[in-house]
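Sequence lines, in order, name chains A and B. Going left to right, the first sequence walks through residues 61 to 255 as the working numbering numbers them. Going left to right, the second sequence walks through residues 61 to 255 as the working numbering numbers them.
2 protein chains.
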Amino acid sequence: MRERTDPRLLRSREAMVAAATELLTESGLEAVTHQAVAARAGVGRATVYRHWPGLLDLRLAALESGMPPLPPMPEELRTATGGDPRTELVHRLSVLAERWDDEQAGAVLAAILGGSRHDEGMRRLRESLLEQIADALRPAVAAAVARGQLRSDVTPETFAMATAGPLFFERFLAGNRLGRDTVETVVDAALRAWA
Amino acid sequence: MRERTDPRLLRSREAMVAAATELLTESGLEAVTHQAVAARAGVGRATVYRHWPGLLDLRLAALESGMPPLPPMPEELRTATGGDPRTELVHRLSVLAERWDDEQAGAVLAAILGGSRHDEGMRRLRESLLEQIADALRPAVAAAVARGQLRSDVTPETFAMATAGPLFFERFLAGNRLGRDTVETVVDAALRAWA
DNA sequence: CCACTATGAGTCATCTTGTCTCATAATGGT
DNA sequence: ACCATTATGAGACAAGATGACTCATAGTGG
Numbered sequence: 061m062r063e064r065t066d067p068r069l070l071r072s073r074e075a076m077v078a079a080a081t082e083l084l085t086e087s088g089l090e091a092v093t094h095q096a097v098a099a100r101a102g103v104g105r106a107t108v109y110r111h112w113p114g115l116l117d118l119r120l121a122a123l124e125s126g127m128p129p130l131p132p133m134p135e136e137l138r139t140a141t142g143g144d145p146r147t148e149l150v151h152r153l154s155v156l157a158e159r160w161d162d163e164q165a166g167a168v169l170a171a172i173l174g175g176s177r178h179d180e181g182m183r184r185l186r187e188s189l190l191e192q193i194a195d196a197l198r199p200a201v202a203a204a205v206a207r208g209q210l211r212s213d214v215t216p217e218t219f220a221m222a223t224a225g226p227l228f229f230e231r232f233l234a235g236n237r238l239g240r241d242t243v244e245t246v247v248d249a250a251l252r253a254w255a
Numbered sequence: 061m062r063e064r065t066d067p068r069l070l071r072s073r074e075a076m077v078a079a080a081t082e083l084l085t086e087s088g089l090e091a092v093t094h095q096a097v098a099a100r101a102g103v104g105r106a107t108v109y110r111h112w113p114g115l116l117d118l119r120l121a122a123l124e125s126g127m128p129p130l131p132p133m134p135e136e137l138r139t140a141t142g143g144d145p146r147t148e149l150v151h152r153l154s155v156l157a158e159r160w161d162d163e164q165a166g167a168v169l170a171a172i173l174g175g176s177r178h179d180e181g182m183r184r185l186r187e188s189l190l191e192q193i194a195d196a197l198r199p200a201v202a203a204a205v206a207r208g209q210l211r212s213d214v215t216p217e218t219f220a221m222a223t224a225g226p227l228f229f230e231r232f233l234a235g236n237r238l239g240r241d242t243v244e245t246v247v248d249a250a251l252r253a254w255a
């Protein structure tokens with residue numbers, strides 16, 4: 061039985077995923093087709109069909125590679141915050157904001173929002189994105205609740221809505237880049253609102 | 061010179077726009093093509109090309125018809141609020157939330173978010189959407205500032221970020237319908253945060 | 001009643017899509 | 001070093017989509 065170790069398979073797969081991600085970033089999900097990916101990856105068209113028989117499979121691969129998990133909070137930074145929830149919240153949301161500042165984020169998010177109503181795979185991606193954000197905020201929200209800085213009924217999901225929501229709005233509806241000042245403003249507003 | 065009054069022109073145009081909007085709602089922007097619109101509208105393929113020679117023109121027409129201007133605040137309701145900013149804010153945002161609850165809203169917004177990076181027309185649509193929201197909140201925000209319920213540096217744009225942002229997040233990222241309770245929660249949080 | 005014009009049907013060349021075959025060469029086990 | 005395995009690129013192919021065109025017809029405005 062074949063393992064997943066054939067270098068040819070990995071090489072071409074890597075090239076195709078890279079090409080698909082580029083196309084997604086540059087021209088949106090519509091531009092991700094077997095033909096376009098093959099051409100850009102320098103690969104036979106049939107090869108793309110072999111790896112992802114369906115168009116949705118191919119596009120899902122592009123989207124997945126476009127939204128890797130958020131890097132975890134570095135331990136040295138966590139201790140450096142002195143356990144201050146606000147500092148940690150600002151840091152976690154800055155990581156998110158930085159990612160959303162990236163060019164490809166808009167393409168990925170728009171595709172997920174639009175596609176999740178029709179496609180199960182995209183719905184999964186949307187939910188995992190939501191979970192990613194909530195998980196990133198979970199420890200700091202818990203700490204803030206423990207210290208009485210947030211009401212005890214504030215969940216990570218609620219706090220995500222209160223912070224990631226405005227950031228999303230500012231970035232993708234207003235079209236503005238997200239600086240650390242914006243993140244701090246949003247975090248402070250949420251802390252005031254839910255104290 | 062021909063006026064825009066030829067009934068044939070208006071009839072077929074109306075049928076095509078309706079068909080395009082349906083396709084957009086049901087299957088996303090990608091499904092809006094000259095051929096599909098012609099088939100659904102019961103119209104010749106050439107006719108669709110005559111009205112919108114380019115694919116982007118056609119899709120823009122579908123998007124525009126999918127985001128008509130928000131209805132203005134009814135005068136009787138405005139007086140009924142007794143000039144209370146919170147009540148008016150809740151009302152205005154409930155109108156927005158109701159629209160976003162609609163099935164087609166997700167398709168329209170996702171298309172605009174994704175397309176506004178590449179297409180000038182979609183960028184215009186995105187900006188007009190933003191303006192729509194800010195304008196809807198403008199009088200109530202001004203009133204709240206005048207009464208000292210909001211800091212004097214809070215603009216309609218800021219308040220839109222603080223309220224429409226979370227609503228957008230809740231509706232399209234978390235996938236939850238927006239009830240009046242959600243709107244009230246969000247408005248109250250924003251009023252606390254920016255008092 | 002008539003000149004006008006939007007329309008539907010159709011044709012046509014070109015491109016895209018999905019499936020298939022086959023020779024080739026890289027690969028892993030022996 | 002050898003060989004059976006297998007992923008690949010090139011290409012053929014039918015079916016369908018695309019965009020531009022022509023033309024007879026019928027609804028329209030004067």
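The beta carbon of each residue, even a glycine, is placed where N, CA and C say it ideally should be. All values derive from a computational prediction rather than experimental measurement.
By the Cβ neighbour-count rule, residue 226 (chain B) is buried, with 16 or more other Cβ atoms within 10 Å of its own. At a cut-off of 8 Å between C-beta atoms, residue 206 (chain B) does not count as an interface residue with respect to chain A. For residue 173 (chain B), the nearest beta carbon of chain A is closer than 8 Å to its own beta carbon.
Closer than 9 Å at the C-beta level to chain A, one finds these residues of the segment 170-195 of chain B: 170, 171, 172, 173, 174, 175, 176, 177, 178, 183, 186, 187, 189, 190 and 193.
Residues of chain B whose Cβ lies closer than 7 Å to the Cβ of residue 90 (chain A) are, in chain order, 90. Distances from the CA of residue 91 (chain A) to each of A:188, A:182, A:235 and A:119 were compared; the closest alpha carbon is that of A:119. As summarised for the segment 172-210 of chain A, there are no continuous beta strand (DSSP E) elements at least 3 residues long confined to that stretch. Within chain B, the residues placing a beta-carbon under 7 Å from that of residue 87 (chain A) are 178, ordered along the chain. Not a single C-beta of chain B is nearer than 8 Å to the C-beta of residue 145 (chain A).
A distance of 8 Å or more separates the beta carbons of residue 216 (chain B) and residue 249 (chain B). No Cβ-Cβ contact shorter than 8 Å links residue 134 (chain B) with residue 204 (chain B). Identification of residues in the segment 219-238 of chain A having a C-beta nearer than 9 Å to some C-beta of chain B yields 220, 221, 222, 223, 224, 225, 226, 227, 228, 229, 230, 232, 233, 234 and 235, given in sequence order. If the five residues before and after residue 79 (chain B) are omitted, its C-beta is found closer than 6 Å to the C-beta atoms of 97, 100 and 101, all from its own chain and listed in chain order. In the three-state DSSP reduction, residue 141 (chain B) falls in the coil class, being neither helix nor strand. Residue 108 (chain B) sits in a helix when the DSSP states are folded into three classes. Listed along chain B are 252 and 253, each with a C-beta nearer than 7 Å to that of residue 252 (chain A). Taking a Cβ-Cβ cut-off of 9 Å, residue 104 (chain A) has no neighbours in chain B, whose nearest Cβ is about 26 Å from it. Within the same chain, 167, 170 and 171 come within 8 Å of residue 88 (chain A) by CB-CB distance, once the 5 residues on both sides are set aside.
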